[in-house]
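According to my numbering, the stretch in the sequence shown is residues 37 to 286, in order.
No residue lacks a Cβ here, since even glycine has one placed at the ideal position from N, Cα and C.
What you are looking at is a predicted structure, and each value in this text was computed from that prediction instead of being measured.
Here is the structure we will look at.
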Amino acid sequence: MSNAIDLQGRTAIVTGGAQGIGRAVVERFVASGAKVVIFDRDAPLAAAAADAIGRVMVTPVTVDVTSLGDVERAVAEALAVLGRIDILVNNAGIAGPNHTVWDYPEAAWRQVMAINLDGPFFCCRTVAPHMIAQNYGRIVNVASIAGKEGNPNASAYSASKAGVIALTKSLGKELAGYDIAVNCVTPAAAKTAIFDQMSQQHIDYMLSKIPRGRFVQVDEVAATIAFAASQDCSFTTGAVFDLSGGRATY
Ligand code: NAD
């Protein structure tokens, strides 16, 4: 792994940082010099990640991103640990079940929206005033290729991730005057615990759609996020960094 991206002295919140893509982002950020607070609802897993990477640089805070009140409490805790928040990575997310739209359970739809779309909104809403006050910030939202292309039998997930892309574009414009870059990434399928929520048929479908012919690796996603989170990403905002392995050409 190259650590050419400089995050020395920077501070970050990474939601869903206990495992999978989020954990790879935490490792990458720490390797590049940043201090990180992990926001995750899975306390034991977040504690284990912080222990493994090192408590000097990583602090776990238990939070459910679907609750604005909980996010506000957690951001206050993060500020107490970090002093300031330079970087916010909205990564926590779920796939939800695979169903046709006529069978899609209402409760599952609402849960996917709450975690995947309300969560990033609540975190941006709470962190943005601090970034505005310091006239600097980098927000990176983890969307998905599903938000661009739409995957069958994954209507809630696809719609939630399209929402994340639109949220990114909107905030990119809204916060542009404060040196706050807001960008998102759209990964293809990555082999993580999220696969446990999906049918094998759905996983096969996703793989069959990737021209690269393989899953994206979590380190590859983390590398792109690290750039978008760095000072070097000084002009691009409201943009979508494609990680679809060639499936989408825009
Ligand atoms: P994962 O299941 O490995 O990790 C998700 C993390 O989010 C977990 O640690 C979980 O505890 C946490 N989380 C879930 N709900 C939460 C909540 N309400 N509050 C706080 N934390 C919560 O999943 P992953 O594959 O690493 O996915 C990370 C992100 O990447 C998600 O937004 C996902 O939609 C997106 N993504 C994943 C893939 C893929 O194929 N893995 C592809 C494209 C996009």
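Comparing alpha-carbon positions, the option among I74, M93, A83 and I121 lying closest to Y172 turns out to be I121. With a threshold of 16 other beta carbon atoms within 10 Å, S244 falls short and is exposed.
Positions of the beta strand (DSSP E) runs, each at least 3 residues long and wholly inside the region 120-145, are given as 123-126 in order along the chain. Contact annotation: P223 and L153 have beta-carbon atoms that are not nearer than 9 Å.
R174 is bridged by DSSP to I123 and A217. Classified as exposed, W138 has fewer than 16 neighbouring CB atoms from the shown chains inside 10 Å of its CB. The beta carbon of A259 sits no closer than 8 Å to any heavy atom of the ligand NAD. Its chain contains A60, V61 and R64 as the residues whose beta carbon lies nearer than 6 Å to that of A258, once the 5 sequence neighbours on both sides are disregarded; these appear in chain order.
At a threshold of 8 Å, K197 counts as near the ligand NAD, since its beta carbon sits closer than that to one of the ligand's heavy atoms.
Taking the C-beta atoms as reference points, E113 is found nearer than 9 Å to V97. Here R248 has G281 and G282 as same chain residues with Cβ atoms under 7 Å from its own Cβ, once five neighbours each way along the sequence are excluded. Residue pairing of D278 in beta bridges, as defined by DSSP: T222. Proximity to R91 across A40, A179, V72 and M242 peaks at V72, based on C-alpha coordinates. In this chain, the alpha helix (DSSP H) harbouring D240 covers Q236 to S244.
In this structure, the alpha-carbon of F75 lies about 6 Å from that of G52.
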